[in-house]
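Visitor: One structure follows; several queries about it will come next.
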């Protein structure tokens, strides 16, 4: 089931200040390099080439903005943790990411993507904890759940939950997805729709 009818690329910026004001509700996607972010965005929107995919880690270097159904935005953020770029590039990406997630008032949820095929990575845990400390609204999306057997996937996810539970009283929401076989895509879509409905309801009550 495709809950979203239209999707179009709006702009790409290398500096948060150039992104400009936007009144649309936004859902941003981020994760370590090569976690399957672009593939997930394409699958979620049913647009094969909306977000450019690449086998080269660290390909997304800018904030990429997409308009969905003429009413809300998907934001594709640069990946973090790719050591093969220069220090100056990594610092620039870090600033872009921080500026966006801390200052974007219309950010409804930051989807942090995690590869379900590997054990918990320190960089993911630290990034999630840093976002939590800043009260960033977030959910965790496990990707590539079709790549390994189910028992390994569940083992890695449970280990991740356990590690994160050392720091969180209440864990963020988790999604298990696969861009290849559509696993979890409907649940993710419905969560976005529900979140938008709740936000609009709150906005309307404030205007009464």
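Residue numbers (this note's numbering): 74 to 281.
In this text, a Cβ means the ideal position worked out from N, Cα and C, and glycines have one as well.
All of these numbers come straight from a predicted model, not from anything done at the bench.
1) Would you mind giving the Cβ-Cβ distance between residue 104 and residue 185, rounded to the nearest angstrom? I have them listed as a contact below 8 Å.
2) Helix, strand or coil, according to DSSP, for residue 232 in the structure here?
3) Provide the residue(s) that pair with residue 99 in DSSP beta bridges, ordered along the chain.
4) On the criterion of 16 or more Cβ atoms from any shown chain inside 10 Å, does residue 241 qualify as buried, or is it exposed?
5) Based on DSSP bridge pairs, tell me the residues matched to residue 214.
6) Going by DSSP, what residues sit across from residue 170 in a beta bridge?
7) Nearest-angstrom Cα distance between residue 212 and residue 167?
8) Can you round the beta-carbon distance between residue 102 and residue 114 to whole angstroms, since I take them to be within the 8 Å contact cut?
9) Quick one: using the 10 Å Cβ neighbour count with 16 as the cut-off for buried, is residue 192 buried or exposed?
10) Can you name the start and end residues of the alpha helix (DSSP H) that residue 85 belongs to?
11) In three-state DSSP terms, what is residue 89?
12) Answer yes if the stretch 209-227 comes into contact with the stretch 252-268, meaning at least three C-beta pairs across the two stretches below 8 Å, and no otherwise.
13) Within 10 angstroms of the Cβ of residue 232, are there 16 or more other Cβ atoms? Answer buried if so, exposed if not.
14) Find the nearest neighbour of residue 207 within the set 214, 171 and 85, judged by alpha-carbon distance.
15) Quick check on residue 123: does DSSP put it in helix, strand or coil?
Guide: With the structure as the only source:
1) Here residue 104 refers to the residue found at position 31 when the chain shown is read from its first residue. Here residue 185 refers to the residue found at position 112 when the chain shown is read from its first residue. Yes, residue 104 and residue 185 are in contact; Cβ-Cβ is about 6 Å, under 8 Å.
2) Against the chain shown, residue 232 aligns to sequence position 159. It is helical.
3) The residue given as residue 99 occupies position 26 in the chain shown. Note: residue 99 sits in a beta bridge opposite 146 and 180.
4) Position 168 of the chain shown holds residue 241. Exposed: under 16 other Cβ atoms inside 10 Å.
5) Position 141 of the chain shown, counted from the start, is the residue given in the question as residue 214. According to DSSP, which records beta bridges pairwise, residue 214 is partnered with 186 and 248.
6) Numbered from 1 along the chain shown, position 97 holds the residue referred to as residue 170. Beta-bridge pairing links residue 170 to no other residue.
7) For the purposes of this step, residue 212 is taken as residue 139 along the chain shown, with counting starting at 1. For the purposes of this step, residue 167 is taken as residue 94 along the chain shown, with counting starting at 1. C-alpha separation (whole angstroms): 20 Å.
8) Here the question's residue 102 lines up with position 29 in the chain shown. Here the question's residue 114 lines up with position 41 in the chain shown. With a Cβ gap of about 6 Å, residue 102 and residue 114 count as contacting.
9) As a position in the chain shown, residue 192 is number 119, starting the count at 1. Classification of residue 192: exposed, given that the 10 Å Cβ count is below 16.
10) Position 12 of the chain shown, counted from the first residue, corresponds to residue 85. No alpha helix (DSSP H) holds residue 85; the beta strand (DSSP E) holding it covers 80-86.
11) Here residue 89 corresponds to residue number 16 of the chain shown, with the count starting at 1. Helix at residue 89.
12) yes
13) Here residue 232 is taken as the residue at index 159 of the chain shown, counted from 1. Its Cβ having fewer than 16 others within 10 Å, residue 232 is exposed.
14) Taking the chain shown and counting its residues from 1, the one referred to as residue 207 is at position 134. Of 214, 171 and 85, the residue nearest in Cα terms is 171.
15) For the purposes of this step, residue 123 is identified with residue 50 of the chain shown, where counting begins at 1. Correct three-state label for residue 123: coil.
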